[in-house]
Ligand code: UTP
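In the working numbering, the protein residues as written are 534 to 827.
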């Protein structure tokens, strides 16, 4: 068995241009899904996967994220005085979930550049990366599914799902080989980002919001030139890792919501509301009523 993954990095310093104007003054990672901001679901997933130390990469416009994971004594006193112990437990509990640290990406130079801001936090350990705008819900946390593959094979891991060629062309495309004895874990030997022609896709498997990297990724990132959009792309660094040391890919179980996209936000809201004990009855009656008029 390879070392346990204890640390996670959540890049949340993107500009969120696809969800403007909502993300103009408020980080898109703080957009609520019913009653919790997206980033809280992501931190909860990391914690449920055994992660104890989390570094959130922010920028000058994202201090709401730091505030959300901080204590608010006046509010807490008010809740206690009003006998609202359950809400008190919830707002205090979320500040104690893990050791949460923050660092600023000073210029928005891409996801790879954001991850490279985590070098001194990570040190010489494997670490998980959870994209700050990808919420993935399911019975077993996705990060835990990826960490298991890391602990078994000792190689970097990407979380993947099969998508349509159109979606793979907009994101990444993985070259995969089935691993013996595995049903949903593959060896990943190469990947490309944003191909222009369908015939240039390796497969319809694309990276969706999660990976686990060995610390070697930082030296690779140091030598990764700007790629698509003139940004330092994490996928370019992962491609080097896949071609040299090798990687695995886990076809994970869970439903992914792209919170950087208007439709993804709506899907997440509807699905979470329909399962939420406080609102599900009223909301499902409402949805049925609306659906009948469509
Ligand atoms: P995205 O490309 O989805 O985020 O990056 P974005 O740049 O905010 O999106 P649009 O296209 O402008 O709407 C994936 C993740 O990487 C983070 C984002 O916050 C998101 O969680 N990111 C991206 C950074 O932390 N820094 C960057 O320079 C770019």
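A virtual CB, placed ideally from N, CA and C, is assigned to each residue, including glycine. These numbers were taken from a predicted model, which means no experiment stands behind them.
Do residue i and residue j have their CB atoms nearer than 8 angstroms?
{"i": "residue 560", "j": "residue 603", "result": "no"}
{"i": "residue 611", "j": "residue 692", "result": "no"}
{"i": "residue 588", "j": "residue 664", "result": "no"}
{"i": "residue 679", "j": "residue 661", "result": "yes"}
{"i": "residue 696", "j": "residue 737", "result": "yes"}
Near residue i, what residues of its chain come up, given a Cβ to Cβ distance below 6 angstroms and the 5 sequence neighbours on each side ignored?
{"i": "residue 578", "result": "674 and 676"}
{"i": "residue 779", "result": "688"}
{"i": "residue 635", "result": "589, 591 and 599"}
{"i": "residue 584", "result": "541"}
Please state the DSSP three-state secondary structure of residue i.
{"i": "residue 804", "result": "helix"}
{"i": "residue 602", "result": "coil"}
{"i": "residue 798", "result": "helix"}
{"i": "residue 667", "result": "strand"}
{"i": "residue 617", "result": "coil"}
{"i": "residue 574", "result": "helix"}
{"i": "residue 817", "result": "helix"}
{"i": "residue 753", "result": "helix"}
{"i": "residue 693", "result": "strand"}
{"i": "residue 762", "result": "helix"}
I'd like the list of long-range same chain contacts for residue i, defined as Cβ closer than 8 angstroms, with 5 residues on each side in sequence excluded.
{"i": "residue 788", "result": "669, 670, 671 and 804"}
{"i": "residue 558", "result": "594"}
{"i": "residue 694", "result": "738, 739, 741, 784, 785 and 789"}
Start and end of the alpha helix (DSSP H) containing residue i?
{"i": "residue 595", "result": "Where residue 595 is concerned, there is no enclosing alpha helix (DSSP H), given that its DSSP letter is neither H nor E."}
{"i": "residue 652", "result": "652 to 655"}
{"i": "residue 649", "result": "644 to 649"}
{"i": "residue 811", "result": "Careful: residue 811 lies outside any alpha helix (DSSP H) and carries neither H nor E."}
{"i": "residue 702", "result": "698 to 703"}
{"i": "residue 775", "result": "767 to 777"}
So residue i and residue j are in contact, right, with Cβ under 8 angstroms, and what is the actual spacing, rounded?
{"i": "residue 724", "j": "residue 768", "result": "6 angstroms"}
{"i": "residue 735", "j": "residue 707", "result": "6 angstroms"}
Note down, in chain order, each residue of its chain lying with its Cβ closer than 7 angstroms to the Cβ of residue i, except the 5 sequence neighbours on either side.
{"i": "residue 809", "result": "567"}
{"i": "residue 710", "result": "719, 720 and 722"}
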